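What follows is a single structure, written as C-alpha coordinates, with notes after it.
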Amino acid sequence: MPSQTARATIQAYYDAFNAGDVAGMVACLHDDFAHHVNEGATRLGKAAFAEFCAHMSETYKERLTDLVVYGSEDGTRGAAEFTVNGTYLKTDPGLPEAHGQTYVLPAGGFFSLKDGKITRVTTYYNLQDWIAQVSA
(Lines of atoms letter the chains of each structure in order from A and count residues from 1; the text may use other names and numbers.)
(Lines give C-alpha, C1' and ligand atoms only; values in the text may rest on other atoms or scores of the structure.)
Protein backbone atom coordinates (compact mmCIF):
# COMPACT_ATOMS: atom_id res chain seq x y z
CA MET A 1 0.00 0.00 0.00
CA PRO A 2 1.57 3.33 -1.06
CA SER A 3 0.66 5.25 2.12
CA GLN A 4 2.40 2.59 4.23
CA THR A 5 5.49 2.84 1.98
CA ALA A 6 5.58 6.62 2.44
CA ARG A 7 5.24 6.30 6.22
CA ALA A 8 7.89 3.55 6.35
CA THR A 9 10.36 5.63 4.32
CA ILE A 10 9.81 8.71 6.49
CA GLN A 11 10.09 6.61 9.67
CA ALA A 12 13.36 5.09 8.40
CA TYR A 13 14.67 8.61 7.66
CA TYR A 14 13.97 9.77 11.22
CA ASP A 15 15.22 6.51 12.76
CA ALA A 16 18.51 7.11 10.95
CA PHE A 17 18.53 10.72 12.21
CA ASN A 18 18.14 9.55 15.81
CA ALA A 19 20.92 6.98 15.30
CA GLY A 20 23.27 9.67 13.93
CA ASP A 21 23.37 7.66 10.69
CA VAL A 22 23.75 10.20 7.87
CA ALA A 23 24.30 7.43 5.29
CA GLY A 24 21.02 5.87 6.43
CA MET A 25 19.23 9.18 5.96
CA VAL A 26 20.76 9.66 2.51
CA ALA A 27 19.70 6.11 1.57
CA CYS A 28 16.07 7.25 1.99
CA LEU A 29 16.53 10.05 -0.56
CA HIS A 30 15.71 10.02 -4.26
CA ASP A 31 18.47 11.06 -6.68
CA ASP A 32 16.33 14.13 -7.48
CA PHE A 33 16.26 15.54 -3.94
CA ALA A 34 15.67 19.04 -2.51
CA HIS A 35 16.03 20.06 1.15
CA HIS A 36 13.96 23.12 2.04
CA VAL A 37 15.12 24.37 5.42
CA ASN A 38 13.23 26.60 7.85
CA GLU A 39 15.76 29.41 7.41
CA GLY A 40 18.10 29.67 4.44
CA ALA A 41 18.53 28.49 0.89
CA THR A 42 17.24 25.23 -0.55
CA ARG A 43 19.91 22.53 -0.79
CA LEU A 44 19.78 20.42 -3.95
CA GLY A 45 21.08 16.86 -4.10
CA LYS A 46 22.29 14.21 -1.72
CA ALA A 47 25.85 15.60 -1.44
CA ALA A 48 24.64 19.04 -0.27
CA PHE A 49 22.34 17.33 2.22
CA ALA A 50 25.18 15.17 3.59
CA GLU A 51 27.35 18.30 4.02
CA PHE A 52 24.51 19.98 5.90
CA CYS A 53 24.16 16.93 8.16
CA ALA A 54 27.91 16.95 8.91
CA HIS A 55 27.70 20.61 9.94
CA MET A 56 24.63 19.95 12.07
CA SER A 57 26.18 16.99 13.89
CA GLU A 58 29.21 19.02 14.96
CA THR A 59 27.06 22.02 15.98
CA TYR A 60 24.02 20.35 17.59
CA LYS A 61 23.30 17.07 19.34
CA GLU A 62 19.62 16.30 18.77
CA ARG A 63 17.20 13.48 19.44
CA LEU A 64 13.63 13.47 18.18
CA THR A 65 10.80 12.22 20.40
CA ASP A 66 7.00 12.11 20.17
CA LEU A 67 7.32 11.28 16.44
CA VAL A 68 4.07 10.87 14.51
CA VAL A 69 4.33 10.10 10.78
CA TYR A 70 1.61 10.55 8.16
CA GLY A 71 1.44 9.38 4.54
CA SER A 72 -0.94 10.24 1.71
CA GLU A 73 -3.03 7.44 0.21
CA ASP A 74 -1.05 7.54 -3.05
CA GLY A 75 2.33 7.51 -1.25
CA THR A 76 3.59 10.75 -2.84
CA ARG A 77 3.29 13.00 0.22
CA GLY A 78 3.96 12.69 3.90
CA ALA A 79 4.47 14.65 7.07
CA ALA A 80 5.87 14.18 10.54
CA GLU A 81 5.46 16.00 13.81
CA PHE A 82 7.96 15.63 16.63
CA THR A 83 9.81 17.24 19.52
CA VAL A 84 13.48 18.14 19.12
CA ASN A 85 15.50 17.58 22.30
CA GLY A 86 18.87 19.17 21.73
CA THR A 87 22.16 20.52 22.98
CA TYR A 88 23.85 23.45 21.27
CA LEU A 89 27.49 22.33 20.99
CA LYS A 90 29.29 24.82 18.73
CA THR A 91 28.39 28.37 17.75
CA ASP A 92 26.59 28.50 14.42
CA PRO A 93 27.50 31.69 12.50
CA GLY A 94 24.87 34.41 12.95
CA LEU A 95 23.28 32.71 15.96
CA PRO A 96 23.85 33.09 19.72
CA GLU A 97 27.09 31.76 21.18
CA ALA A 98 27.04 28.08 22.11
CA HIS A 99 28.03 26.85 25.55
CA GLY A 100 26.16 23.56 25.87
CA GLN A 101 22.66 25.01 26.21
CA THR A 102 19.79 22.55 25.96
CA TYR A 103 16.48 23.13 24.22
CA VAL A 104 13.15 21.41 23.59
CA LEU A 105 11.39 22.51 20.45
CA PRO A 106 8.25 21.37 18.62
CA ALA A 107 8.99 20.80 14.93
CA GLY A 108 7.77 19.11 11.79
CA GLY A 109 8.70 17.94 8.35
CA PHE A 110 6.80 17.81 5.08
CA PHE A 111 7.75 15.35 2.37
CA SER A 112 7.31 14.56 -1.30
CA LEU A 113 8.16 11.04 -2.44
CA LYS A 114 8.67 9.24 -5.73
CA ASP A 115 9.35 5.53 -6.24
CA GLY A 116 9.39 5.06 -2.45
CA LYS A 117 12.20 7.61 -1.95
CA ILE A 118 12.10 11.16 -0.57
CA THR A 119 12.35 13.88 -3.23
CA ARG A 120 11.70 16.83 -0.91
CA VAL A 121 11.93 17.53 2.79
CA THR A 122 10.70 20.84 4.19
CA THR A 123 11.59 21.33 7.85
CA TYR A 124 9.72 23.69 10.17
CA TYR A 125 10.51 24.92 13.68
CA ASN A 126 10.18 28.27 15.43
CA LEU A 127 13.63 29.86 15.24
CA GLN A 128 12.70 32.66 17.65
CA ASP A 129 11.63 30.08 20.24
CA TRP A 130 14.98 28.30 19.82
CA ILE A 131 16.94 31.58 20.12
CA ALA A 132 15.02 32.48 23.29
CA GLN A 133 15.79 29.07 24.82
CA VAL A 134 19.54 29.15 24.08
CA SER A 135 19.82 32.82 25.08
CA ALA A 136 18.18 32.38 28.50
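According to full-length UniProt numbering, the sequence shown is numbered sequentially starting from 1.
In this text, a Cβ means the ideal position worked out from N, Cα and C, and glycines have one as well.
All of these numbers come straight from a predicted model, not from anything done at the bench.
For residue i, the three-state DSSP class (helix, strand or coil)
{"i": "residue 58", "result": "helix"}
{"i": "residue 85", "result": "strand"}
{"i": "residue 92", "result": "coil"}
{"i": "residue 69", "result": "strand"}
{"i": "residue 19", "result": "coil"}
Of the residues the options, the one placed nearest residue i, counting alpha carbons only
{"i": "residue 11", "options": "125, 130, 129 and 110", "result": "110"}
{"i": "residue 131", "options": "117, 43 and 86", "result": "86"}
{"i": "residue 25", "options": "54, 89 and 39", "result": "54"}
{"i": "residue 37", "options": "52, 113 and 13", "result": "52"}
{"i": "residue 78", "options": "114, 47 and 48", "result": "114"}
{"i": "residue 138", "options": "65, 129 and 28", "result": "Outside the shown range of the chain (1 to 136) lies residue 138, about which nothing can therefore be said."}
{"i": "residue 72", "options": "136, 112, 22 and 18", "result": "112"}
{"i": "residue 20", "options": "74, 67, 50 and 69", "result": "50"}
{"i": "residue 125", "options": "13, 64 and 74", "result": "64"}
{"i": "residue 56", "options": "13, 17 and 42", "result": "17"}
In DSSP terms, what residue i is bridged to
{"i": "residue 108", "result": "81 and 124"}
{"i": "residue 102", "result": "87"}
C-beta contact flag for residue i and residue j at 8 Å
{"i": "residue 123", "j": "residue 107", "result": "yes"}
{"i": "residue 118", "j": "residue 5", "result": "no"}
{"i": "residue 88", "j": "residue 134", "result": "yes"}
C-alpha gap between residue i and residue j, whole angstroms
{"i": "residue 105", "j": "residue 83", "result": "6 Å"}
{"i": "residue 91", "j": "residue 101", "result": "11 Å"}
{"i": "residue 39", "j": "residue 2", "result": "31 Å"}
{"i": "residue 120", "j": "residue 7", "result": "14 Å"}
{"i": "residue 93", "j": "residue 76", "result": "35 Å"}
{"i": "residue 45", "j": "residue 80", "result": "21 Å"}
{"i": "residue 69", "j": "residue 136", "result": "32 Å"}
{"i": "residue 74", "j": "residue 62", "result": "31 Å"}
Any non-hydrogen atom of the ligand SAH within 7 Å of residue i CB
{"i": "residue 7", "result": "In the structure on display, the ligand SAH does not appear, and there are no ligands present to speak of."}
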